[in-house]
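Chains as they are written, first to last, in my numbering: chain A, 19 to 219; chain B, 19 to 219; chain C, 19 to 219; chain D, 19 to 219. Glycine residues also receive a C-beta, built at the ideal position from the N, C-alpha and C atoms.
Protein chains: 4
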Amino acid sequence: MADDAYEGRAGVGRVEAFSDGVVAIIITIMVLELHPPVSERMDQLWSLWPIFLAYALSYAYVAIYWVNHHRMFANATRVTNDLLWSNMLLLFTLSLVPFSTSYLGEHHFSAGATILYLVTMLLPSIAYAWVQWTIRRTGRQDEHALAYHRQTLRKGAVSSFLYLLGIPLTLVSPWLGIACAALVALLWFLPASPVDRLFRR
Amino acid sequence: MADDAYEGRAGVGRVEAFSDGVVAIIITIMVLELHPPVSERMDQLWSLWPIFLAYALSYAYVAIYWVNHHRMFANATRVTNDLLWSNMLLLFTLSLVPFSTSYLGEHHFSAGATILYLVTMLLPSIAYAWVQWTIRRTGRQDEHALAYHRQTLRKGAVSSFLYLLGIPLTLVSPWLGIACAALVALLWFLPASPVDRLFRR
Amino acid sequence: MADDAYEGRAGVGRVEAFSDGVVAIIITIMVLELHPPVSERMDQLWSLWPIFLAYALSYAYVAIYWVNHHRMFANATRVTNDLLWSNMLLLFTLSLVPFSTSYLGEHHFSAGATILYLVTMLLPSIAYAWVQWTIRRTGRQDEHALAYHRQTLRKGAVSSFLYLLGIPLTLVSPWLGIACAALVALLWFLPASPVDRLFRR
Amino acid sequence: MADDAYEGRAGVGRVEAFSDGVVAIIITIMVLELHPPVSERMDQLWSLWPIFLAYALSYAYVAIYWVNHHRMFANATRVTNDLLWSNMLLLFTLSLVPFSTSYLGEHHFSAGATILYLVTMLLPSIAYAWVQWTIRRTGRQDEHALAYHRQTLRKGAVSSFLYLLGIPLTLVSPWLGIACAALVALLWFLPASPVDRLFRR
C-alpha cells in the first residue's frame with residue numbers, strides 16, 4: 019500500500035537509532051545480574067560461572083542480532099507501518115532475553131530453564147523474518163539486495179529450526195539444547211565463511 | 019514569538035534523538051520487573067502472568083507513543099521553547115509508566131491499580147496534545163501537515179476521553195478499564211485502517 | 019592550542035549524542051526509586067510523595083541542563099581536549115543526581131539530605147561553566163554567540179550563588195534550601211522571560 | 019578481504035552510535051551501586067567512600083575509552099566484519115567494568131578485588147588493540163592517520179603492561195595495583211602532553 023509509506027532514508031535513520039538504543043540497553047542490563055558476592059572467598063566468585071556463561075552467550079546472541087539488523091536496514095528505503103510494527107515486535111521479543119538469561123543462570127542450565135531460553139531465542143528469529151520480508155518487499159530491489167535477502171532468510175529459517183530442534187533435545191540433556199543455540203551463533207558469527215556460500219548457492 | 023525559535027531541522031534532530039533515548043530506556047527497564055522466580059517449578063513461572071501481561075500492554079502503549087512521536091516530529095521545522103518543554107513534560111509523564119505498570123502487575127489488575135494505570139495513561143495523552151499543538155503552530159503548514167494534525171488531534175481527544183471513561187468503569191470491573199486502554203491501543207495500532215478514515219472525514 | 023583541536027561539526031555531533039545518551043539514562047533511572055508499595059491501601063501510595071516530589075524536582079533540574087546543553091553546543095564548532103573532558107566532568111557530576119535525589123526522598127527532605135542535594139546541584143553548575151568557557155573560547159565568535167555566552171554565564175553564576183546560599187538557609191529550614199533550588203529552576207525555565215532581559219543588559 | 023566490507027561512513031556512524039549507547043549505559047549504571055544509607059547519620063554517608071572512589075575511578079577509566087574510541091573511529095572508513103566483532107568484544111569487556119567496580123567498592127580495595135579489577139581493565143585494553151589494528155588495516159591510510167595509530171598503539175601496549183605489572187604488585191599492597199591503574203589513566207588523560215611526544219618519537 020503506497021500511501022502507507024511516508025518517509026525516506028531520514029525516517030529509516032530514526033528507526034535505526036531507536037532500535038540501537040533499545041538493543042544497547044538490553045545487552046547492557048543483563049550484566050546487572052552479575053551481583054558481586056558478599057564473601058570475598060574465591061570459590062564464591064567461581065560459583066557465579068553459570069550466570070557469567072549465560073550472560074556471555076546472550077551477549078553474543080543479541081550482538082548477532084544487532085549486526086544483522088544493521089546490515090538488513092541498509093537495504094530499507096522507506097518507513098512503512100509494517101516495518102515500524104514488525105521492528106517493535108522484534109525489539110519486544112529481544113527484551114525478554116535478559117529475563118530468560120537470568121533464569122538460565124540462576125537455575126544452572128536446568129532442562130526447564132534451557133527450554134525457556136530456546137523459546138526466547140525462537141521468538142525473535144520469527145519476528146526478525148517478518149521485518150526482513152517487509153524490507154524485501156518495500157526496500158531496495160536490485161540484484162545485490164535480493165541475493166542478500168535470499169541468503170539470510172534461508173539462514174534464518176535454519177536457525178529457527180535449530181532452536182525448535184533444541185527443545186526436544188533438551189529433554190535428553192540440557193547441553194544438547196545449548197549446543198543447538200551455540201551452533202546458530204556459530205552460523206551467524208562468520209558471514210564470509212563457507213557456511214554462507216552454502217546458503218548463497 | 020519569533021525570537022523564541024533558534025534552530026532548524028538539525029536542532030529538531032537532537033530533540034528527537036534525546037526523546038528516542040528516554041523512550042528506549044522507559045520501554046526497556048519495565049522488563050526488569052520480571053524477576054525470575056527462585057523455585058524452578060513451572061507454576062512459579064505461570065504465576066508471573068499478571069506482571070508479563072502488564073509489561074506487554076505497557077510496551078505496546080509506549081511503542082504507540084514512539085511511532086506517533088516519530089511521525090509528528092517529521093512535521094517540526096524548528097525548536098522553540100514550547101516544543102522543548104512540552105516534549106520534556108511528555109517524557110516525564112511517560113517515565114511514570116514503568117511505576118504504574120509494575121504496580122498493576124504486582125496487584126494483579128486490582129481496581130486501585132487499574133485506576134492508577136489509567137491516570138498514568140491519561141497524563142501523556144494530554145502532554146502529547148500540547149506537543150502537537152506546538153508543532154502545528156510552528157512547524158510545516160502545508161495541507162498535508164494540517165490534515166495530519168486535524169486527524170490525529172481528534173484521535174488523541176477520543177483516546178483521552180476513553181481513559182477518563184475507563185476510570186468509573188473500573189469501579190464496576192477492572193477489566194472494563196483495561197478494555198478501554200486496549201481499545202485506545204487498537205485505535206492507534208492501525209494508522210491506515212477504516213478507523214482513520216473516520217477521523218479524517 | 020590549535021593542534022589540540024581535531025574535528026569539525028561531525029565530531030561535535032558525536033559528543034552531543036553521547037551526552038544525550040548519558041543524560042537520558044540519568045533522567046530515567048531516577049524513576050526506578052519509585053518502588054510500588056506491597057500493600058494496596060491508598061495511604062501506602064500517598065506515603066511515596068517525598069520520593070515522587072524529589073523525582074519531579076530532579077527531573078526538571080536535569081531537563082534544564084539538557085535544554086541548555088543543547089543550546090550551548092549549537093555554538094561549538096570543533097572538539098578540543100578541554101571540551102571533551104569538561105563535558106565528561108559535567109556528565110559525572112550530573113550522574114550523582116540520582117543518588118542525592120533518592121537520599122532526599124527517602125529522608126523526607128531532612129536538613130542533611132537537602133544540603134547533600136544542594137551540593138550535588140552546585141557541582142554540575144561549576145562543571146557547566148567550564149564547558150561554556152571552553153566553547154566560548156573555541157566555538158563560534160559572532161556577536162550573537164558572544165551575547166548568548168555573556169547572558170548565560172551570568173545566569174549560571176547567579177545559580178551557583180543561589181545553591182551556595184541555600185546551604186546555610188537549610189540549617190534554618192530545609193524548605194528554604196529547596197526554595198533556592200526551585201528559584202534556580204524558575205530562572206532557567208523561561209529563557210525568553212523578563213528575567214533574561216535582566217541578564218542580557 | 020575486499021568483499022567483506024560493505025559500507026562507507028554512514029555504516030561507521032551507526033556502529034559509533036551503538037557503541038555510544040552501550041558506553042553511556044555502562045558509565046551510568048555504575049552509579050546505581052551508590053545506595054543511599056537508611057540511617058541519616060553523617061558517618062553512614064562517609065562509609066560509602068570506597069564505593070564512591072571505585073565509581074569515580076571507573077568513570078574516568080570508561081570515559082578515557084570513549085574519548086579514544088571517538089578519535090580512533092574518526093579514522094575508520096568502512097564497516098568490515100572484523101571491525102564489527104572486535105568492537106562488540108570491546109564493548110563486552112567494558113560491560114564487565116560495573117561488576118568489578120562494585121566488587122572493588124564493596125570489598126574495600128582488598129587484594130582479591132583489586133586483582134579482579136586489574137584483569138577487567140586488561141581485557142578491554144587487548145580488545146581495543148584488536149579494533150585499532152583493524153581500523154589501521156582498513157581505514158584511512160594517510161600519514162596523519164598512520165602516525166596516530168603508531169603513537170596510540172604504543173601507548174596501549176604500555177597500558178596493558180602496566181595492568182599486568184599491577185597484578186603481582188597488588189600482592190605486596192593493593193594500593194600499588196590501584197596506582198598502576200591510576201598511572202594508566204594519567205597517561206591517557208592528557209593527549210597533548212609531553213607524555214605523547216614520548217610515544218610519538
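Rounded to whole angstroms, the gap between the alpha carbons of residue 68/D and residue 132/D is 12 Å. Scanning 205/D, 154/D and 139/D for the CA closest to the CA of residue 195/D turns up 139/D. Contact annotation for residue 32/B against chain C: 31, 34, 35, 38, 88, 91 and 92 [CB-CB distance below 9 Å, chain order].
Among the residues facing chain B, residue 197/C is not included, as its CB has no counterpart in that chain under 8 Å away.
Nothing from the stretch 96-115 of chain C brings a Cβ to less than 8 Å from some Cβ of chain B. Secondary structure within the stretch 67-148 of chain A: the alpha helix (DSSP H) runs of 4 or more consecutive residues, fully enclosed, are 67-91, 99-113 and 115-124 (chain order). Under the Cβ distance rule, residue 121/D counts among the residues neighbouring chain A, one pair being separated by less than 8 Å. Cβ neighbours of residue 47/B within its own chain (closer than 8 Å, five residues either side excluded): 116.
Taking the beta carbon of residue 77/B as reference, the chain A residues within 7 Å of it are 110, listed in sequence order.
Neighbours of residue 47/A in chain B, taken as residues whose beta carbon is under 9 Å from its own, are 46, 47, 49 and 50 in chain order. For residue 43/B, the chain C residues whose Cβ falls inside 7 Å of its Cβ are 42, 43 and 46, in order along the chain. Residue 110/A and residue 101/C have their C-alpha atoms spaced approximately 38 Å apart. Look at residue 30/D here: in three-state DSSP terms it is helix. Leaving aside the five residues that flank residue 203/D on each side, the residues in its chain whose CB is nearer than 7 Å to its CB run, in chain order, 78, 79 and 82.
Here the C-alpha atom of residue 149/A lies approximately 45 Å from the C-alpha atom of residue 181/D. With at least 16 other beta carbons inside 10 angstroms of its own, residue 49/D counts as buried. Setting aside the 5 residues that flank it on each side, residue 141/A is surrounded in the same chain by 111 and 114, each with a C-beta closer than 8 Å to its C-beta; the list follows chain order. Annotated three-state conformation of residue 159/C is coil, per DSSP.
Taking C-alpha positions only, residue 207/D is separated from residue 95/B by approximately 40 Å.
Short of 6 Å from the beta carbon of residue 34/B, and not among the five residues preceding or following it, lie these beta carbons of its own chain, in chain order: 91. Against residue 84/B, the close residues of chain A are 36, in the order they occur along the chain (beta-carbon pairs closer than 7 Å). Within a 10 Å sphere around the beta-carbon of residue 189/B sit fewer than 16 other beta-carbons, which makes this residue exposed. The Cβ of residue 117/B sits closer than 8 Å to at least one Cβ of chain C.
Taking a C-beta distance under 8 Å as the contact criterion, residue 144/A and residue 43/B do not qualify as a contact pair. Cβ contact annotation for residue 175/D (same chain, cutoff 8 Å, sequence separation greater than five): 147, in chain order. At a Cβ-Cβ threshold of 8 Å, residue 136/A and residue 121/A do not count as neighbours. With respect to chain D, the C-beta atom of residue 68/A has no partner C-beta closer than 8 Å.
For residue 56/C, no alpha helix (DSSP H) run applies, since DSSP gives it neither H nor E. Proximity of residue 161/A to chain B, defined by a Cβ-Cβ separation below 8 Å, is not satisfied. For the set 36/B, 119/B and 31/B, the Cα lying nearest the Cα of residue 55/C is the one of 119/B. Along the length of the stretch 172-207 of chain B, whole alpha helix (DSSP H) runs at least 4 residues long occupy 192-207, reported in chain order. Remark: C-beta atoms of residue 52/D and residue 66/D approach each other more closely than 8 Å. Its Cα nearest to that of residue 166/D, the residue 86/D stands out among 60/D, 86/D and 105/D. Rounded to whole angstroms, the Cβ separation of residue 93/D and residue 39/D is 21 Å, and the two are not in contact under 8 Å.
Around residue 200/C, the same chain offers 75 as residues with beta carbons nearer than 8 Å, after the five sequence neighbours per side are excluded.
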